[in-house]
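Novice: Quick one: this structure, given as structure tokens, is what I'll be asking you about.
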Amino acid sequence: MLDGSSLLGECSLLGSTLSICGKAESEVASCLLTHEVEVEKLVIAKLQEVLDNDIPSINKLKKQLSKLTLDMDSAKARHVNATRHSIPTPGNAKVDSIREELDDATSKVIQCKDVLAEEMFSLLAKEHDLSLCVLDLVKSRADYHRKVLVTLEGVIPSMEKVIQNHSTKPIYEIGRAHV
123 MLDGSSLLGE
133 CSLLGSTLSI
143 CGKAESEVAS
153 CLLTHEVEVE
163 KLVIAKLQEV
173 LDNDIPSINK
183 LKKQLSKLTL
193 DMDSAKARHV
203 NATRHSIPTP
213 GNAKVDSIRE
223 ELDDATSKVI
233 QCKDVLAEEM
243 FSLLAKEHDL
253 SLCVLDLVKS
263 RADYHRKVLV
273 TLEGVIPSME
283 KVIQNHSTKP
293 IYEIGRAHV
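The opening residue of the sequence shown carries number 123 in this note's numbering; numbering runs sequentially from there.
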């Protein structure tokens with residue numbers, strides 16, 4: 123708009139209105155840039171950290187827990203099968219070996235559950251701060267829109283004044299109402 127106003131010149135009505143509008147648009151663009159930088163700093167960086175670190179870690183642990191649970195179930199089935207088909211003698215090496223496997227698999231499942239719970243509680247502990255980030259986003263957007271509204275409302279009277287005070291007027295009853 124500023125380019126068009128310079129081509130038409132400040133003497134023309136359209137050039138003047140384009141100049142006023144172009145300056146307002148530049149101010150709106152400056153407000154938008156400030157708003158986007160603020161949102162990046164206040165909101166996106168914090169949320170991105172959670173998305174990049176916490177969520178993938180929890181998902182990885184859930185997959186690991188699922189795999190370890192399958193391994194434990196398999197070890198249980200082998201243990202049940204071995205105890206069912208073996209002669210009940212104390213110190214049966216095969217059954218004892220399978221029992222150790224089952225104990226090891228159970229231990230790994232419990233350990234993974236603990237780590238997963240810790241990660242999830244850590245994320246839940248951040249919930250309040252993350253909610254405040256979202257609130258900051260909404261406040262920042264509201265502030266941006268207020269600034270833009272003030273800018274645009276300030277431009278309207280000056281544009282109306284330029285249009286009303288300009289020496290050229292519609293000719294032959296062809297004006298805005300007839301177009």
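We put the beta carbon where it would ideally sit given N, CA and C, even for glycine.
Just so you know, these numbers come straight off a predicted model, no measurement behind them.
1. State the Cα-Cα distance for the pair K283 and S138, rounded to the nearest angstrom.
2. According to DSSP, is S138 helix, strand or coil?
3. What are the start and end residues of the alpha helix (DSSP H) that includes S208?
4. So, for I180: in the same chain, excluding its five sequence neighbours on each side, which residues have a beta-carbon less than 8 Å away from its beta-carbon?
5. For the alpha helix (DSSP H) containing S289, name the first residue and the last one.
6. Ignore the nearest five residues each way along the sequence and tell me which others in V217's own chain have a CB closer than 7 Å to its CB.
7. Buried or exposed: I220, going by 16 or more other Cβ atoms within 10 Å of its Cβ?
8. Are the CB atoms of C143 and V270 within a distance shorter than 8 Å?
9. Excluding the 5 residues preceding and the 5 following L135 in the sequence, name in chain order all residues of the same chain whose CB lies nearer than 8 Å to its CB.
10. Return the CA-CA distance between S141 and L155, expressed in angstroms with no decimal places.
11. Which word fits A167, buried or exposed, when buried means at least 16 other C-beta atoms lie within 10 angstroms of its C-beta?
12. Which residues mark the beginning and the end of the alpha helix (DSSP H) in which V217 is found?
13. Please report how far the alpha carbon of D258 lies from the alpha carbon of S196, in whole angstroms.
14. Using the C-alpha atoms, what's the distance from E171 back to C276?
15. Alpha carbon to alpha carbon, how far is A151 from S229? Give it in angstroms, no decimals.
Specialist: Straight from the coordinates:
1. The residue given as residue 283 occupies position 161 in the sequence shown. The residue given as residue 138 occupies position 16 in the sequence shown. K283 and S138 have their alpha carbons spaced roughly 11 Å apart.
2. Within the sequence shown, numbered from 1, the residue matching residue 138 stands at position 16. Reduced to three states, the DSSP call for S138 is helix.
3. On the sequence shown, position 86 is the one that residue 208 refers to. S208 -> no alpha helix (DSSP H), and no H or E assigned at all.
4. Within the sequence shown, numbered from 1, the residue matching residue 180 stands at position 58. The beta carbon of I180 sits closer than 8 Å to those of L238, E241, M242 and L245, all from its chain and outside the five residues before and after it, given in chain order.
5. Translated into positions along the sequence shown, residue 289 becomes position 167. Neither: S289 is in no alpha helix (DSSP H) and is coded neither H nor E.
6. By one-based count along the sequence shown, residue 217 stands at place 95. Non-local C-beta neighbours of V217 in its own chain, meaning closer than 7 Å and more than five positions away in sequence, comprise A204, T205 and S208, ordered along the chain.
7. Indexing the sequence shown from 1 puts residue 220 at position 98. The Cβ neighbour count for I220, taken over all protein chains shown within 10 Å, is at least 16; the residue is labelled buried.
8. Taking the sequence shown and counting its residues from 1, the one referred to as residue 270 is at position 148. Taking the sequence shown and counting its residues from 1, the one referred to as residue 143 is at position 21. With a cutoff of 8 Å on beta-carbon distance, V270 and C143 are scored as not near each other.
9. Counted from its first residue, the sequence shown places residue 135 at position 13. Excluding sequence neighbours, L135 sits near V284, I285, H288 and T290.
10. Position 19 of the sequence shown, counting from 1, holds the residue named residue 141. Position 33 of the sequence shown, counting from 1, holds the residue named residue 155. In a straight line, the C-alpha of S141 is about 21 Å away from that of L155.
11. Residue 167 sits at position 45 when you count from the first residue of the sequence shown. When all chains shown are included, A167 counts as exposed.
12. By one-based count along the sequence shown, residue 217 stands at place 95. For V217, the uninterrupted alpha helix (DSSP H) run begins and ends at A215 to A247, by DSSP.
13. Here residue 258 refers to the residue found at position 136 when the sequence shown is read from its first residue. Here residue 196 refers to the residue found at position 74 when the sequence shown is read from its first residue. So the two alpha carbons sit approximately 50 Å from each other.
14. Here residue 276 refers to the residue found at position 154 of the sequence shown. Here residue 171 refers to the residue found at position 49 of the sequence shown. It is Gly, not Cys, that sits at residue 276 in the sequence shown. Distance between the alpha carbons of G276 and E171 is about 40 Å.
15. To locate residue 229, count along the sequence shown from 1; it is residue 107. To locate residue 151, count along the sequence shown from 1; it is residue 29. Rounded to whole angstroms, the separation of the alpha carbons of A151 and S229 is 59 Å.
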